[in-house]
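4 protein chains.
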Amino acid sequence: MKKTRRSGNRRNSLKANSRKSPSGTRFAEAATRLAEIGKGFHARGWVLGTSGNFSAVISREPLRLAITSTGLDKGSLALEQFLEMDEAANVVRGEGRPSAEALLHLAIVRGVDAGAVLHTHSVWSTVLSGSHASQGGIALEGYEMLKGLEGVGTHKHREWLPILENSQDMVELGDRVSKTLRASPGIHGFLLREHGLYTWGAGLQQAKRHVEILEFLMEVLVRSGAAQSA
Amino acid sequence: MKKTRRSGNRRNSLKANSRKSPSGTRFAEAATRLAEIGKGFHARGWVLGTSGNFSAVISREPLRLAITSTGLDKGSLALEQFLEMDEAANVVRGEGRPSAEALLHLAIVRGVDAGAVLHTHSVWSTVLSGSHASQGGIALEGYEMLKGLEGVGTHKHREWLPILENSQDMVELGDRVSKTLRASPGIHGFLLREHGLYTWGAGLQQAKRHVEILEFLMEVLVRSGAAQSA
Amino acid sequence: MKKTRRSGNRRNSLKANSRKSPSGTRFAEAATRLAEIGKGFHARGWVLGTSGNFSAVISREPLRLAITSTGLDKGSLALEQFLEMDEAANVVRGEGRPSAEALLHLAIVRGVDAGAVLHTHSVWSTVLSGSHASQGGIALEGYEMLKGLEGVGTHKHREWLPILENSQDMVELGDRVSKTLRASPGIHGFLLREHGLYTWGAGLQQAKRHVEILEFLMEVLVRSGAAQSA
Amino acid sequence: MKKTRRSGNRRNSLKANSRKSPSGTRFAEAATRLAEIGKGFHARGWVLGTSGNFSAVISREPLRLAITSTGLDKGSLALEQFLEMDEAANVVRGEGRPSAEALLHLAIVRGVDAGAVLHTHSVWSTVLSGSHASQGGIALEGYEMLKGLEGVGTHKHREWLPILENSQDMVELGDRVSKTLRASPGIHGFLLREHGLYTWGAGLQQAKRHVEILEFLMEVLVRSGAAQSA
Chain H
1 MKKTRRSGNR RNSLKANSRK SPSGTRFAEA ATRLAEIGKG FHARGWVLGT SGNFSAVISR
61 EPLRLAITST GLDKGSLALE QFLEMDEAAN VVRGEGRPSA EALLHLAIVR GVDAGAVLHT
121 HSVWSTVLSG SHASQGGIAL EGYEMLKGLE GVGTHKHREW LPILENSQDM VELGDRVSKT
181 LRASPGIHGF LLREHGLYTW GAGLQQAKRH VEILEFLMEV LVRSGAAQSA
Chain L
1 MKKTRRSGNR RNSLKANSRK SPSGTRFAEA ATRLAEIGKG FHARGWVLGT SGNFSAVISR
61 EPLRLAITST GLDKGSLALE QFLEMDEAAN VVRGEGRPSA EALLHLAIVR GVDAGAVLHT
121 HSVWSTVLSG SHASQGGIAL EGYEMLKGLE GVGTHKHREW LPILENSQDM VELGDRVSKT
181 LRASPGIHGF LLREHGLYTW GAGLQQAKRH VEILEFLMEV LVRSGAAQSA
Chain E
1 MKKTRRSGNR RNSLKANSRK SPSGTRFAEA ATRLAEIGKG FHARGWVLGT SGNFSAVISR
61 EPLRLAITST GLDKGSLALE QFLEMDEAAN VVRGEGRPSA EALLHLAIVR GVDAGAVLHT
121 HSVWSTVLSG SHASQGGIAL EGYEMLKGLE GVGTHKHREW LPILENSQDM VELGDRVSKT
181 LRASPGIHGF LLREHGLYTW GAGLQQAKRH VEILEFLMEV LVRSGAAQSA
Chain D
1 MKKTRRSGNR RNSLKANSRK SPSGTRFAEA ATRLAEIGKG FHARGWVLGT SGNFSAVISR
61 EPLRLAITST GLDKGSLALE QFLEMDEAAN VVRGEGRPSA EALLHLAIVR GVDAGAVLHT
121 HSVWSTVLSG SHASQGGIAL EGYEMLKGLE GVGTHKHREW LPILENSQDM VELGDRVSKT
181 LRASPGIHGF LLREHGLYTW GAGLQQAKRH VEILEFLMEV LVRSGAAQSA
C-alpha cells in the first residue's frame, strides 16, 4: 500500500470539506451504512478479530470507494475510520491505510461493475473453504434461498462458489480474482481458502443480502455433514 | 401476481384513510406486531436474506390479510412495507407486490381457519427437509415441547410434519398445500423441501409460539444426528 | 391445579394491596428479577415456545413463592403474569393458574431448602436427556466450570445429573422428584427426559448461575460427541 | 489469597480518593472497559456462570493491575466489583477478594510484559482442551485469521496453543505458566485443560482481539471435526 502516501495538508483540507460537498455527503452516508452492517455482522460472529472489510462505490467517474481502514474492530466502526480511495488505491479522504485487500475490492468493482463489496470471515466459510479446497469450489443447488441472489429465479439454479488459494501478495491475488470473475460469469461470490467470503451487489442492501444468503447456505452445508465428507 | 394491478388513485385514497378507519387500525396493529416478530426471527437467523414471509387475518367477512411485501429484509420491516390483500390475493391497501407465496398463506387461512401464518427459513428446516425428503415428512414424538402446540396435552403426542417438494408454481403448490391440510388434519405445520417451515395459529401469538416450538424440535433432531442418519 | 380456585373478591383485594405491603414489595421484586432472567434465557433459546418456569421463595413462614403463570412467553413476562402461591399450590396473589409444574417447584423448595427454582428447556438438555435416559443420568467430572456450583471446590468433583422419566401426572412426578433429592444428596439439578433441566439455589443469583453452568456443560458434552456415542 | 487482608480504614480512604487521583482515573477507565468487554463475552457464552476473569495493567512502576473480584457474573460487572492489586496480589483499592487466578495474571504480565490479560471459558476451549490434552497443545496453521495475532504477517504462520493440566494450586500452576511462557516464546495464549483460554495483549483492545481470534479458531477446529478425531 505504498501508494497511499500523501501530504498531511492535502488530507486536512479534504477532511475539513468532507461534510459540506456532495461527495462528502455520499462518503458519510456510505460510511454510516457500512458501520451499521459491520455491527450486525460482528454480532453474528462473521467479522471477529479485525477480520472482514467493506466498501461502497460513491462515484463512478472518477471511481471513488468508501472503504474500511485496516486493522479495525468491525463491530464498532466510526466515521473517521473510513477512507475514500481512488481507482489506483490511493487514499483521497481520511486518515490511515486502506485494508490490505483494497486491491481485491477494486478488482471486483471493475470485474462485475459492483456498487458494494463485502468480505466476511465466518467459521462456516473457513471450514468449508478448507474441506473443499481440492475441489476448487462448492456447488450450491436446490435451495430456495438461492432465489435471493440477484437474477436467480428458481431453487433449481446451480450456483458455483469458487475457492481461491489464499495469498498475502495482493497484486497477484487481485489478478487471480479478475481471472476468476471472467472465467465464471454470473457468480455472486467466491471464497479465499481458510480465509472467507467475498460477495458484492449493485448497492449495499443487495451486497448485504448476498452475504446473508451465502453464509446461510455454507452453514447448511456444514450442518449437513459436508465438511466431514468432502 | 398479475391480479394485483389497480389504479393509483384508488391506492392513494385507501392509503390516506388507512389510519383513521377501524380496519386501518387493525392493519397497522397487525403490521406493527409482524415487524416485531420479523426483527426477532432475523436476529435468530430464521429469515436471512429476504427469506420468510408473514401474514395476519384482519377481517373475516370480507377476508383481508395484512402481509409482507416481496423481497424485503425481514429484520427491519416498516409499516409501509406491508400490504392488505383480499381473498383473491388482490392488494387493497399499500404499495408493492405481496410475497410470491401469498397464495400459500391464503390456502392455509382457508384450509385450517388460521388467524396468522408465519413462514421461516432456518438452517435447521433446510437441512432436515433435505435429509428427510424421501420419507415424506418428519415424526416428532416424546418431546415435552410438543405440549406447546395448540391442542396437544402430552409429550406422548406424535406430530407429523409433512415435507412437500418445493416449486415456483404457486398455484400448483397452493393446491398441494390444500390437499396436505385435508389429508393430515390436526397438523401444526409443514416443510417445503430445502425451503423452510410454514406454521400458523388462531392469532399471531400462537403462530409465533408454533414457530419457536417447531424450530426448536428441528434443531434437536439435527443435533441428535438425525440429518446424518436419515 | 384444581386447588387454585378462589373468590374474585379476595383476589382483587390482594392485588390492590400488592405493592404497599412488605410481602407485596418482595413479590414485586422477585417478579421483576424473574422477568429479567426470563428475557435473557429466551434470547439464548433456553425457554422457547412457552417452555420453562421460574419461582422464588418470598416468605418461609408461611411458605410463599412468586411463580410464573402457565402458558406464557418467558421472553416478555410482565409483573401481572406472576402469581404468589402457598405451600399447597394455592394462588394467594395475582390472576391465572400457576405452571402445571408448580408441584415440582414445591417439592424442590422443601427437599433442598431452595430459595429459587429455575426450569429451562434447552436443545442441549433435550438431546442429552434422550440419549442418556437408559443410563439414568449424566456424570460431569473434570471440568473447571463445576467449581461454580455452590459448595464445589475443585474441577475433580463428580456431579451426577439424574434423568427422570417425564410424566404429565405432577403429583406422581413430584413424588419421584422428592425421592431423587433424598437419594442423591448434594446434587445441583436434574433432568426430565426430553423435557429439560431443573436447578435451584439459595437465591435467584445462585440459581441463575447454576442454570448457566449446567447448560454450558451439557453443550460441551453434546459438542464433544456424547449424544452420538451414548 | 490470604495476602489480601488489610485494614478497613485504609480501604475506605483509598476508595474515597479513587476518582480524583490520576491512578484512580486510570483504574476507573480500565474497570469500565473491562466491564464492557465482559458484557460482550457473556452474550457470546464465553464467560457463563461466574467463569472468566480480566485484568489490565494501570501502572508499571509500581506494578498495579485492575482485576475482577472473584465469583461474579461477568455479564453485569459494576465499577465497585473491580480491585486494584499490586505485584504480590495484595489488594490496594476496592473491596473483596481478587479472582483465585490472580497469580496467573501476574505470571503472564511479568512473563510477556502484557498490558492486559483476558481469560475466557468457552464451550470450544473446554471441548478442545479435553480432546487434545494428550498432545500437549493445538497447532493452528494456514488460517488467515492468524494474521490478527500481534506480530503475525501471514496465514502460513504456525501458532502453538499449549494445553496445561488444570490445578487448584495457583502457586504451582502460576509456576507452570511462567515456564510455559519461557519455553514457548512468541505464543499468544494457552489453554488450561477443560477450563479455558488465557490470552493477552499490549493493551485491552489487542487482548480482546486475541480472544476473538483464538475462540474463532477453536470453533473452526471443533466444527471441522477435530474434537472427534483427536
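Residue numbers (my numbering), protein chains in the order written: chain H, 1 to 230; chain L, 1 to 230; chain E, 1 to 230; chain D, 1 to 230. Backbone N, C-alpha and C fix where the C-beta goes; we use that ideal spot for every residue, glycine too.
Proximal residues to residue i (C-beta, below 6 Å), its chain only, five neighbours per side dropped
i	result
residue 114/D	108 and 200
residue 202/H	115
residue 226/L	none
residue 126/D	194
Chain E within 8 Å of residue i, Cβ atoms only
i	result
residue 194/D	yes
residue 211/D	no
residue 225/L	yes
residue 42/L	no
residue 154/L	yes
residue 143/L	yes
residue 206/D	no
Beta-carbon contacts of residue i that lie in its chain and below 8 Å, excluding the five residues immediately before and after
i	result
residue 224/D	none
residue 234/E	Chain E is shown from 1 up to 230; residue 234/E falls before or after that span and cannot be answered.
residue 46/H	52, 120, 121, 122, 211 and 215
Contact under 8 Å by Cβ, residue i with residue j
i	j	result
residue 118/E	residue 27/E	no
residue 103/L	residue 170/L	yes
residue 31/H	residue 79/H	yes
residue 120/E	residue 196/E	yes
residue 137/E	residue 161/E	yes
residue 89/E	residue 63/E	no
residue 176/E	residue 164/E	yes
residue 178/E	residue 94/E	no
Anticipated Cβ contact below 8 Å, residue i with residue j, distance rounded
i	j	result
residue 155/E	residue 87/D	Not quite, the Cβ-Cβ distance comes to about 28 Å (not below 8 Å), so this is no contact.
residue 98/H	residue 91/H	6 Å
residue 211/H	residue 124/H	Incorrect: roughly 12 Å between the Cβ atoms, too far for contact.
residue 59/H	residue 96/H	In fact, because the Cβ distance is near 20 Å, the residues do not count as touching under 8 Å.
residue 49/D	residue 148/E	4 Å
residue 140/D	residue 217/D	5 Å
residue 206/H	residue 159/H	With a Cβ gap of about 15 Å, residue 206/H and residue 159/H do not count as contacting.
Proximity test, Cβ basis, 8 Å: residue i and chain H
i	result
residue 180/L	no
residue 222/L	yes
residue 135/L	no
residue 68/L	no
residue 49/D	no
residue 59/L	no
residue 219/D	yes
Chain L contact for residue i (CB, 8 Å cutoff)
i	result
residue 105/H	no
residue 130/E	yes
residue 27/H	no
residue 148/H	yes
Residue i at chain D interface by Cβ criterion, 8 Å
i	result
residue 123/H	yes
residue 120/H	no
residue 54/E	no
residue 90/H	no
residue 126/H	yes
Proximal residues to residue i (C-beta, below 7 Å), its chain only, five neighbours per side dropped
i	result
residue 101/D	53, 119 and 170
residue 152/L	146
residue 219/L	124
residue 213/L	145, 148 and 149
residue 133/H	163 and 193
Chain-ordered chain C contacts of residue i [CB-CB under 7 Å]
i	result
residue 228/E	The structure shown contains no chain C; the protein chains it does contain are H, L, E and D.
So, do the stretch 29 to 49 of chain E and the stretch 176 to 191 of chain E have three or more beta carbon pairs nearer to each other than 8 Å? no
Decide if the stretch 62 to 74 of chain E is in contact with the stretch 136 to 149 of chain E; the criterion is three or more beta carbon pairs, one per stretch, under 8 Å apart. no
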